Amino acid sequence: MTRWLLKCNECGTEWYLEVSFNLAEMGKIYHYCKTCRKNTFHTVLKRED
Ligand SMILES: [Zn+2]
12 MTRWLLKCNE CGTEWYLEVS FNLAEMGKIY HYCKTCRKNT FHTVLKRED
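Those letters in the sequence shown? Residues 12 to 60, by this note's numbering.
See the structure below:
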């Protein structure tokens, strides 16, 4: 598992997501945001080792 720092494009909240695949290749992902309480686009900021 790798931790990735994501940033919601709508509210700007930054949070960590643990997944087993490489998000860096995607650049952005569509994921549920706890602050917006809906699915939004997120920018992949960095990988946390
Ligand atoms: Zn959000």
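Cβ coordinates follow ideal geometry from the N, Cα and C atoms, glycine included. This one's a predicted model, so the numbers in the text were calculated from it and none came from an experiment.
Residue i Cβ short of 7 Å to ligand 1 heavy atom set
i   : result
E25 : no
E21 : yes
T51 : yes
T13 : no
Nonlocal neighbours in the same chain, by C-beta distance under 7 Å from residue i, ignoring five residues either side
i   : result
C47 : C19, E21, C22
Beta-carbon proximity list for residue i, same chain, < 6 Å, skipping 5 on both sides
i   : result
R14 : Y27, E29, E59
Same chain, Cβ closer than 8 Å to residue i, neighbours up to 5 away in sequence not counted
i   : result
T54 : L17, K18, N20, G38, K39
K49 : Y43
Residue-chain proximity (residue i, chain D), Cβ-Cβ < 8 Å
i   : result
C22 : No chain D appears in this structure, which consists of one protein chain only.
Alpha-carbon to alpha-carbon, residue j and residue i
i   : j   : result
H42 : K57 : 16 Å
A35 : T51 : 18 Å
Residues bridged to residue i (per DSSP)
i   : result
C47 : C47 pairs with nothing; no bridge assigned.
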